[in-house]
Amino acid sequence: MLYVDIPSREEYAYLADIRSDACISIYIQTSPLHQQLEASKIQLGNFIKEALLQVTSEGLDKRRIALLKDELYSVLEDESFWDLHARSLAVFATPDSVRTYRLANELSNRLQVGERFYLKPLLRALTFPHSAYILALSENQTRLIEFFADSPAEEMKVPAMPTRFKDAMGDAALNDHHHGAVHHKVRLAQYTRRIDQALRPLFARHDSPLLLVSTEPLASIYRSTNTLPNLTDETFFSNAEHLGASELVTLVRPLMDNYYQAQLNALASRFEVRSGERRVTQDFSDVARAATFGAIDLLLINLDCTMSGTIDDQGLITFSGNKDASHYGLIDEIAKRAIATGARVLAVRSEDLPSGADLNAILRYPL
2 MLYVDIPSRE EYAYLADIRS DACISIYIQT SPLHQQLEAS KIQLGNFIKE ALLQVTSEGL
62 DKRRIALLKD ELYSVLEDES FWDLHARSLA VFATPDSVRT YRLANELSNR LQVGERFYLK
122 PLLRALTFPH SAYILALSEN QTRLIEFFAD SPAEEMKVPA MPTRFKDAMG DAALNDHHHG
182 AVHHKVRLAQ YTRRIDQALR PLFARHDSPL LLVSTEPLAS IYRSTNTLPN LTDETFFSNA
242 EHLGASELVT LVRPLMDNYY QAQLNALASR FEVRSGERRV TQDFSDVARA ATFGAIDLLL
302 INLDCTMSGT IDDQGLITFS GNKDASHYGL IDEIAKRAIA TGARVLAVRS EDLPSGADLN
362 AILRYPL
């Protein structure tokens, strides 16, 4: 099982606001398999040495360098920390603090040193969840299963969730044969409503998709009582009682692909509609100003864009071909300002952008 601690949007905003004489951003590939983590530790050690050499050459105070070194090596040398990992590790360190995030998506090895953190790869982890849940629903056995990417699935214990119809309904279920099929469906709705109520606290904390595996009429009855926005539109129709967790994951993977593709298609259609209302812009300068003044509703950014420069308090951009101490990634800064004003920000590959532009913004009002 992957061990993941993806930052919240509030944490992302906090990291984006940090300024320091040395901000070290490190991304390294890791593995959920403990025996494969030694290579990741070696890579982290190499990046730490490289970062310390860079800040030394830039004239950082020796006392600050010593503090930074302590923060970075506190991660590398913490044996318990390396017991549980996912597919990538992000490390953000200054001489005063260090934060780490274990991520389910695969990110390339990268080191960046500056006056602020390099956060664009982190946005990918916030865009589409790499985890999902399966609700394997039947009268005789109901299970909730969590899975990440290609890692083993795990059945979850959900407090107060009924796992059998007869246990949930008690004596009332025993009398259903006297009242016919219509009355039995009423009892089934009571059963699925209790399942929904038990799942609500869990999905209040997670926005990962929920995939339903069941048979009729129970599948339709569950959907009629469902209140969770995470439930995907497609159902995999099968009796899951005799299927193991890994078998279920294999069966529902095509549904996951359809779910993500439907989301991307919906975004493309939404951009087309809003474009006709003059509420779409792809211009860097326009997007920067809109982000600064809270005018962005939805922002799609190219994860691979490396354009740098500065943006002032009025949203005016000064472009730069190369980063120096005063220049930074423009995508990072625009995303930070958009998130701070309540916009939804998604980091996608260039081929998933509506027209191939590095930025696509839907505005809250026409240009």
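According to this note's numbering, the sequence shown holds residues 2 to 368 in order.
No residue lacks a Cβ here, since even glycine has one placed at the ideal position from N, Cα and C.
{"query": "Take the Cβ of V40 as the centre, count every other Cβ of all protein chains shown within 10 Å, and call the residue buried at 16 or more, exposed below.", "result": "Strictly speaking, residue 40 in this sequence is Ala, with Val absent from that position. That one is exposed."}
{"query": "Which residues does DSSP pair with G60 in a beta bridge?", "result": "For G60, which the question treats as bridged, DSSP gives no partner whatsoever."}
{"query": "Terminal residues of the continuous beta strand (DSSP E) containing A133?", "result": "S132 to A137"}
{"query": "Is any beta-carbon of chain C found at less than 9 Å from that of D314?", "result": "No chain C is part of this structure, which consists of one protein chain only."}
{"query": "To the nearest angstrom, how far is it from the Cα of E72 to the Cα of F118?", "result": "15 Å"}
{"query": "With contact counted as at least three CB pairs below 8 Å, one residue from each stretch, are the region 84-95 and the region 25-35 in contact?", "result": "yes"}
{"query": "To the nearest angstrom, how far is the alpha carbon of N259 from that of V250?", "result": "14 Å"}
{"query": "So, A289 versus L300, is the Cβ gap smaller than 9 Å?", "result": "no"}
{"query": "Answer yes or no: do S239 and L252 have a C-beta to C-beta separation smaller than 9 Å?", "result": "yes"}
{"query": "Which runs of the alpha helix (DSSP H) at least 4 residues long sit entirely within the region 211-291? Give them in chain order.", "result": "219-226 and 246-277"}
{"query": "Might you give, ordered along the chain, the residues of its own chain that have their beta carbon closer than 8 Å to the beta carbon of D305, omitting 5 neighbours on each side?", "result": "R350 and S351"}
{"query": "Answer yes if the region 208-217 comes into contact with the region 137-152, meaning at least three C-beta pairs across the two stretches below 8 Å, and no otherwise.", "result": "yes"}
{"query": "Quick one: any contact between the region 50-58 and the region 106-126, if contact means 3 or more CB pairs under 8 Å?", "result": "yes"}
{"query": "Measuring alpha carbon to alpha carbon, tell me which of L189, Y13 and K167 ends up nearest L120.", "result": "Y13"}
{"query": "For N266, does the count of other Cβ atoms within 10 angstroms reach 16, so buried, or fall short, so exposed?", "result": "exposed"}
{"query": "At which residues does the beta strand (DSSP E) containing D298 begin and terminate?", "result": "I297 to N303"}
{"query": "Could you name the residues of the same chain whose beta carbon sits closer than 8 Å to that of H328, not counting the 5 residues immediately before and after it, in chain order?", "result": "S309, G310, T311 and S321"}
{"query": "Which residue marks the beginning of the alpha helix (DSSP H) containing R338, and which one marks its end?", "result": "L331 to A341"}
{"query": "If distances are taken between C-alpha atoms only, which option among I49, D79 and T95 comes closest to D62?", "result": "T95"}
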